[in-house]
Amino acid sequence: MIIDLDIVKLMLTTEYGKPFVNIKRNIEFNPIVSYTTRPKRSSETEGVEHYFITNEEADKLLSSKPSLAYTKIGDNIYFTLKEQLETQNVYIIDPTGIEDLTYKFPNMKKFIIYVDSSYENRRNRYINRSSECTAEDFEKRNAAEEYQFNIFESNIKYQNNVHVINNNSPYFVSALIHAAKLIINSYQKDLLYCVVGRTSSGKDTIVKQLQQLFQDTERVEL
């Protein structure tokens with residue numbers, strides 16, 4: 705699938721009444737690359753989706769440097785380091801990670817974008833990633849995160865800093881434009897943008913596209 709970001713720029717230009725290059729001029733959108741002990745898939749690149757490390761390497765890092773947030777899904781852990789905030793301001797994170805982040809840094813200003821998607825869309829996206837992503841694996845991952853997301857979703861209506869976008873096919877471009885507008889309208893240099901979503905909700909793709917959009921890359925192939 706090819707997303708023509710010129711179309712997105714044109715729609716945002718129309719929305720705001722000024723060229724997109726002026727809209728994005730002072731916006732920094734730099735995703736944090738998290739560490740994980742999960743095995744790397746063939747479709748993934750080291751240092752892009754995650755830093756893929758062993759349990760021993762994770763223990764060494766966590767014992768020597770302060771973490772920003774930490775979460776565990778199934779047998780795998782995911783975490784980031786506080787030092788990454790020096791150059792990065794976007795965090796793909798789950799509800800447990802947000803709780804840990806809030807506990808460690810109660811005064812940190814967060815803007816939370818929740819990417820919602822139906823079970824059917826998420827399942828189809830997962831198993832279409834690669835031959836390594838099976839329906840059985842999806843069910844295990846989905847079950848592992850069910851509890852935390854059920855609580856998070858039930859509390860969304862009481863949280864003013866959570867902004868929901870719907871990413872059900874075939875409405876990806878609409879979700880991308882909505883997310884871009886949230887970033888543009890809320891942007892502050894001291895905000896940490898937290899992007900939350902269940903497995904294969906499309907949060908990773910939306911963040912990748914937003915990064916390309918604000919870096920002014922013309923087209924990107926997924």
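Once you know that position 32 of the sequence shown is 736 in our numbering, the rest is easy, because the numbers rise by one and skip nothing. A virtual CB, placed ideally from N, CA and C, is assigned to each residue, including glycine. In this text, all values refer to a predicted model and were calculated from it rather than measured experimentally.
Where does residue i land, buried or exposed, given buried means 16+ other C-beta within 10 angstroms?
| i | result |
| --- | --- |
| Lys728 | buried |
| Val752 | exposed |
| Lys861 | exposed |
| Gly901 | buried |
| Thr791 | exposed |
| Leu917 | buried |
| Glu843 | exposed |
| Ile887 | buried |
| Leu709 | buried |
| Leu914 | buried |
| Ser821 | buried |
| Ile711 | exposed |
| Gly721 | exposed |
| Ile707 | buried |
| Thr806 | exposed |
| Thr749 | exposed |
| Leu714 | exposed |
| Tyr782 | buried |
| Ile855 | exposed |
Taking Cβ to Cβ, would you say residue i is nearer than 8 angstroms to residue j?
| i | j | result |
| --- | --- | --- |
| Thr903 | Asn846 | yes |
| Val819 | Asn871 | yes |
| Arg678 | Ser738 | Beyond the ends of the chain as shown, which are 705 and 926, falls residue 678; an answer cannot be given. |
| Phe815 | Leu880 | no |
| Glu836 | Ser746 | yes |
| Tyr774 | Asp804 | yes |
| Ile796 | Val911 | yes |
| Asp798 | Gln863 | no |
| Ile817 | Ala883 | yes |
| Lys764 | Phe756 | no |
Looking only at DSSP bridge pairs, what is residue i linked to?
| i | result |
| --- | --- |
| Glu750 | His754 |
| Asn870 | Asp820 |
| Ala773 | Thr784 |
| Tyr720 | Tyr720 pairs with nothing; no bridge assigned. |
| Thr740 | Phe756, Tyr782 |
| Lys814 | Leu896 |
| Gly697 | The displayed coordinates of the chain run from 705 to 926. Any statement about residue 697 would go beyond what the structure contains. |
| Ile796 | Val899 |
Taking residue i and residue j to be in contact with their CB atoms under 8 angstroms, please state how far apart those CB atoms are, rounded to whole angstroms.
| i | j | result |
| --- | --- | --- |
| Thr784 | Leu772 | 4 angstroms |
| Cys898 | Ile777 | Incorrect: roughly 17 angstroms between the Cβ atoms, too far for contact. |
| Thr741 | Asn780 | 5 angstroms |
| Asn810 | Lys786 | Inspection of the sequence shows that residue 810 is occupied by Pro rather than by Asn. Actually they do not touch by this definition, with Cβ atoms about 14 angstroms apart. |
| Gln788 | Ile736 | 5 angstroms |
Length at least 3, wholly inside the segment 834-879: the beta strand (DSSP E) runs in chain order: For the segment 834-879, whole beta strand (DSSP E) runs of length 3 or above, ordered along the chain, are 866-870.
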